[in-house]
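Numbering (the UniProt record's numbering), first residue to last: 5 to 543.
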Amino acid sequence: QERPSSLDLDVLIVGAGFAGLYALHRLREMGYTVRCCDRAEGVGGTWFWNRYPGARCDVESMDYSYSFSPELEQEWQWTERYPAQPEILRYLNHVADRFALRPDIRLGTRVAAAVLDESQQIWRVRLEQGTRAETVRTRFLVMASGCLSAARLPDIPGLGSFTGTTYHTADWPHEGVDFTGRRVGVIGTGSSGTQAIPLIARQAAHTTVFQRTANFSLPARNRPLDPDAVRELKARYREHRQFVRYTPNGTARRNNDVSALTVPPRERTAEYEARWQEGGGGFIGAFNDLLKDEAANDTAAEFLRGKIREIVHDPAVADALTPRGFPVGSKRVTVDTDYYATFNRPDVTLVDVRADPVQRITAPGIRTGSADHHLDSIVFATGFDAITGAVLAVDIRGRDGLALREKWAAGPRAYLGLATAGFPNLFLITGPGSPSVISNMVVSIEQHVEWISDHLGWLDKNGLWSTEADRRAEDDWVRHVAEVADTTLFPRGASWYVGANVPGKPRVFMPYVGGVGTYRRVCEDIAAGDYPGFVTRPL
Ligand code: NA7
Numbered sequence: 005q006e007r008p009s010s011l012d013l014d015v016l017i018v019g020a021g022f023a024g025l026y027a028l029h030r031l032r033e034m035g036y037t038v039r040c041c042d043r044a045e046g047v048g049g050t051w052f053w054n055r056y057p058g059a060r061c062d063v064e065s066m067d068y069s070y071s072f073s074p075e076l077e078q079e080w081q082w083t084e085r086y087p088a089q090p091e092i093l094r095y096l097n098h099v100a101d102r103f104a105l106r107p108d109i110r111l112g113t114r115v116a117a118a119v120l121d122e123s124q125q126i127w128r129v130r131l132e133q134g135t136r137a138e139t140v141r142t143r144f145l146v147m148a149s150g151c152l153s154a155a156r157l158p159d160i161p162g163l164g165s166f167t168g169t170t171y172h173t174a175d176w177p178h179e180g181v182d183f184t185g186r187r188v189g190v191i192g193t194g195s196s197g198t199q200a201i202p203l204i205a206r207q208a209a210h211t212t213v214f215q216r217t218a219n220f221s222l223p224a225r226n227r228p229l230d231p232d233a234v235r236e237l238k239a240r241y242r243e244h245r246q247f248v249r250y251t252p253n254g255t256a257r258r259n260n261d262v263s264a265l266t267v268p269p270r271e272r273t274a275e276y277e278a279r280w281q282e283g284g285g286g287f288i289g290a291f292n293d294l295l296k297d298e299a300a301n302d303t304a305a306e307f308l309r310g311k312i313r314e315i316v317h318d319p320a321v322a323d324a325l326t327p328r329g330f331p332v333g334s335k336r337v338t339v340d341t342d343y344y345a346t347f348n349r350p351d352v353t354l355v356d357v358r359a360d361p362v363q364r365i366t367a368p369g370i371r372t373g374s375a376d377h378h379l380d381s382i383v384f385a386t387g388f389d390a391i392t393g394a395v396l397a398v399d400i401r402g403r404d405g406l407a408l409r410e411k412w413a414a415g416p417r418a419y420l421g422l423a424t425a426g427f428p429n430l431f432l433i434t435g436p437g438s439p440s441v442i443s444n445m446v447v448s449i450e451q452h453v454e455w456i457s458d459h460l461g462w463l464d465k466n467g468l469w470s471t472e473a474d475r476r477a478e479d480d481w482v483r484h485v486a487e488v489a490d491t492t493l494f495p496r497g498a499s500w501y502v503g504a505n506v507p508g509k510p511r512v513f514m515p516y517v518g519g520v521g522t523y524r525r526v527c528e529d530i531a532a533g534d535y536p537g538f539v540t541r542p543l
């Protein structure tokens, strides 16, 4: 391709987490001039920021890792079934070094805005590094900015008035926090809160957990990996990876292809019990209709509620910890170590803020309707503006100056979750309408990166400069994503999957839940058919 002389880069990648690092590697191997930017002072994305006690992935390490390099997957030794944050961050740093990615990564650099130059069909991107700003001109812009990276503080009055220390799980001090002797309040009982609370409770003088929604949580049963099992899996790693790519959620989870309602109750309970003992998110694969049929889901919910009653001694506390009113899995099931048992400690208090709402944060602590809770520290485990938050944090302006924020005001719209009409040469990795957070993110990320880079290669082979999602194809895909979601129980939970945790965010079920394998086949067919649904143009 002949390039406009003013061009600085072929591709600018936003984010240096799992997605950005692989995109940089792959596109650079293809011969493109690529740069990757991240606001953090290190690589790792999500795993750079989320350093709270107990931070751990809920997908098993041997699957939550890159498959693109057979050498890498053979040489890297994971130590635990579920990898802890420091180990994942070490892995990503190893990847950055092993593939010599660092020279093309600009850290401490925020991508603030991107404006399409329609005449040249390029993006002018504003980068900010401290007080310095510069504009780079790039042909392609790839948003590898993550689904769970725009952290959220709740809108509680008085937030600034607290005189103790505050922390957000997704912006944790690098030196760690010693809670010894402190009275700690934790707001939020999603994955982060559920992982952090047992460890904070062990250290703090007193821990008060402010719970808005009781969540379903499964024991991780984390353990060191067995060297023989690792050796055995590594011997067939290639084959295993290929298998996982076509599974419903990109993991080796055993999915039992039987309805929960067709087996006798005793057998059903035995299946749940076996999976509870096995630990981890595999529970949801116990029957094929748990995420489709309410009556089936109820059997799983009742089993899990029974476990809470068994573990938690105080019936009133057990009752408050019992999830109700939404199907298991419609809000992300958390995977914990000793979460429920933590509430048996004499130095842990549960405050159900639905029954006793938080009124405000005060200088000495948190005031609810019934009490003043005096605290030395508050931990916000309050989650993220998920899936769209980090993309929309960049002021992106496409054709006719249209802001992406404006286009997505009523909910995100993207073809395959990868591209959005009106924004040529802009790609989203794990965007809304892709399997993203309903899958093993690394599997989805690799698929997106490979699909996008193949598409770029195809454009160049065919003398084409730009590519853009066709509006009709996009509308069809958005409709399809919603229709598939509506065949499941997913939209029934007030979760961050539908934007319910962010006041004012449009309630649209964002991920594609038709399955990782199905989605991959759709994408493969589109590539094989010379990219229908994309409008491509020469310069
Ligand atoms: P989540 O899953 O969004 O959890 C956030 C938690 O914070 C959740 O329990 C929320 O309750 C609670 N929350 C949020 N705002 C408030 C206010 N204002 N008052 C009380 N409680 C509040 O974020 P995580 O960081 O735990 O996990 C995100 C994902 O990262 C996780 O699913 C994994 O995929 C990895 P709610 O349920 O909204 O009532």
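Every residue, glycine too, gets a C-beta built ideally from N, C-alpha and C.
Option nearest Ile315 by Cα separation, candidates Ala300, Thr341, Tyr535 and Ala274 = Thr341
How would you call Pro231, buried or exposed, if buried means at least 16 neighbouring beta carbons within 10 angstroms?
-> exposed
Does DSSP put Gly393 in a helix, a strand or coil?
-> helix
Please state if the CB of Gly402 and the CB of Leu120 are separated by a distance shorter than 8 Å.
-> yes
Which residues bound the beta strand (DSSP E) around Trp127?
-> Ile126 to Gln133
heavy atom of the ligand NA7 below 7 Å from Ser216 C-beta = Inspection of the sequence shows that residue 216 is occupied by Arg rather than by Ser. Yes, the ligand NA7 has a heavy atom inside 7 Å of this Cβ.
Can you give, in chain order, each stretch of the alpha helix (DSSP H) that sits fully within the segment 222-254 and has at least 4 residues?
-> 231-239 and 241-249
Which value, in whole angstroms, describes the spacing of the CA atoms of Trp455 and Leu76?
-> 21 Å
First and last residue of the uninterrupted beta strand (DSSP E) at Ile315 | Here Ile315 belongs to no beta strand (DSSP E); instead the alpha helix (DSSP H) covers Glu298 to Ile315.
Return the chain-ordered list of same chain residues with a C-beta closer than 6 Å to the C-beta of Ala20, the five sequence neighbours on each side being excluded.
-> Cys40, Asp42, Val47 and Ile109
Can you have a look at His317 and say buried or exposed, based on whether 16 or more other CB atoms are within 10 angstroms of its CB?
-> exposed
Given Arg483, which residues of its chain have a CB within under 8 Å of its CB, disregarding the five upstream and five downstream residues?
-> none
Beta-carbon spacing of Gly426, Gly435 below 8 Å = no
Who pairs with Phe431 in a beta bridge, going by DSSP?
-> Val146
Can the beta-carbon of Val506 be found less than 8 Å from the beta-carbon of Asp389?
-> yes
Nearest neighbour of Ser65, chosen from Glu528, Asn444, Asp529 and Ala498 [CA to CA] = Asn444
Could you tell me whether any non-hydrogen atom of the ligand NA7 is closer than 7 Å to the CB of Val332?
-> no
Pairwise C-alpha distance: Phe291 and Glu282 | 15 Å
Quick one: is the Cβ of Trp500 within less than 7 Å of any heavy atom of the ligand NAD?
-> Summarising the ligand content, the structure contains the ligand NA7 and does not contain the ligand NAD.
Pick helix, strand or coil for Ile449, following the three-state DSSP scheme.
-> helix
Tell me whether Ala489 is buried or exposed, calling it buried when 16 or more other Cβ atoms sit within 10 Å of its Cβ.
-> buried
Can you grab the Cα-Cα spacing for the pair Thr326 / Leu294, in whole Å?
-> 19 Å
Smallest Cα separation from Gly197: which of Ala320, Leu406, Trp176 and Phe144?
-> Trp176
Mark Phe247 as exposed unless 16 or more other C-beta atoms lie within 10 angstroms of its C-beta, in which case mark it buried.
-> exposed
As assigned by DSSP and simplified to three states, the class of residue 545 | The requested residue 545 is not part of the displayed model; the chain covers only 5 to 543.
Euclidean distance between Cα positions of Tyr241 and Leu96 = 19 Å
Between the C-alpha atoms of Ile370 and Thr193, what's the straight-line distance to the nearest angstrom?
-> 17 Å
Comparing alpha-carbon positions, which option in Phe220, Ser123, Thr372 and Ile191 lies nearest Lys311?
-> Phe220
Three-state secondary structure assigned by DSSP to Glu45 | coil
Where Thr212 and Arg136 are concerned, what is the direct C-alpha to C-alpha distance, given to the nearest angstrom?
-> 43 Å
Residue 558: CB within 7 Å of a non-hydrogen atom of the ligand NA7 = Residue 558 lies beyond the stretch modelled for the chain, which goes from 5 to 543, so this question has no answer here.
Roughly how far, in whole angstroms, is the beta-carbon of Thr184 from the beta-carbon of Asp12, given that I think they are within contact range, below 8 Å?
-> Contact doesn't hold; Cβ gap of about 51 Å is too wide.
Pull up the distance between the alpha-carbon of Asp323 and that of Val337, whole angstroms please.
-> 18 Å
Alpha carbon to alpha carbon, how far is Val140 from Leu308?
-> 53 Å
State the DSSP-derived secondary structure class of Thr167, mapped to helix, strand or coil.
-> coil
Counting contacts by CB-CB distance shorter than 8 Å, is Asn429 in contact with chain D?
-> Given the protein chain composition of this structure (a single chain), no chain D is represented.
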